[in-house]
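Asker: Please read through the structure below; I'll follow up with questions.
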Amino acid sequence: MNADDDGSSPDVRYGGPNDDEKLWKPPRLWRDIYDAICNARHLVYIVGWSVDVEQYLLRGAELEEAKRAGKHSPRIGDLLIQKSEEGVVVNLM
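So for the sequence shown, the numbering used here puts the first residue at 23; every next one is plus one.
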């Protein structure tokens, strides 16, 4: 399940006799990764088969806001370079 371009995600209801007793909101995977890297002070460690450094971690209004704010790039490659220049150790495996 993916978030829509505006960052919203569908509500998932489950449990109970009609599968509507509980509500689960999917986590914001890419936004959470972006926030974690932006807030890193010591170490960013990424392990993956392939890391696409051109990939944007934000979409829709969040992407436009990050571009306007200009503090941290929403593109993962640029963001990792920025963090490295801030003195954060960045390791990719």
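Ideal Cβ placement from N, Cα and C applies to all residues, glycine included.
#1: In whole angstroms, what separates the C-alpha of A58 from that of L102?
#2: On the three-state DSSP scale, how would you describe L45?
#3: To the nearest angstrom, how far is the alpha carbon of D100 from that of K44?
#4: Could you check where the beta strand (DSSP E) with Y67 kicks off and where it finishes?
#5: Pick out whichever of N61, Y36, G38 has its Cα sitting closest to the Cα of E108.
Answerer: Per the coordinate set shown:
#1: Indexing the sequence shown from 1 puts residue 58 at position 36. Indexing the sequence shown from 1 puts residue 102 at position 80. A straight-line Cα-Cα distance of about 12 Å links A58 and L102.
#2: In the sequence shown, counting from the first residue as 1, residue 45 sits at position 23. Here L45 sits in strand by DSSP.
#3: In the sequence shown, residue 100 corresponds to position 78, counting from 1. In the sequence shown, residue 44 corresponds to position 22, counting from 1. About 40 Å.
#4: Here residue 67 is taken as the residue at index 45 of the sequence shown, counted from 1. 65-68 is the span of the beta strand (DSSP E), which, as asked, contains Y67.
#5: In the sequence shown, the residue the question calls residue 108 occupies position 86. When only C-alpha atoms are compared, the closest one is N61.
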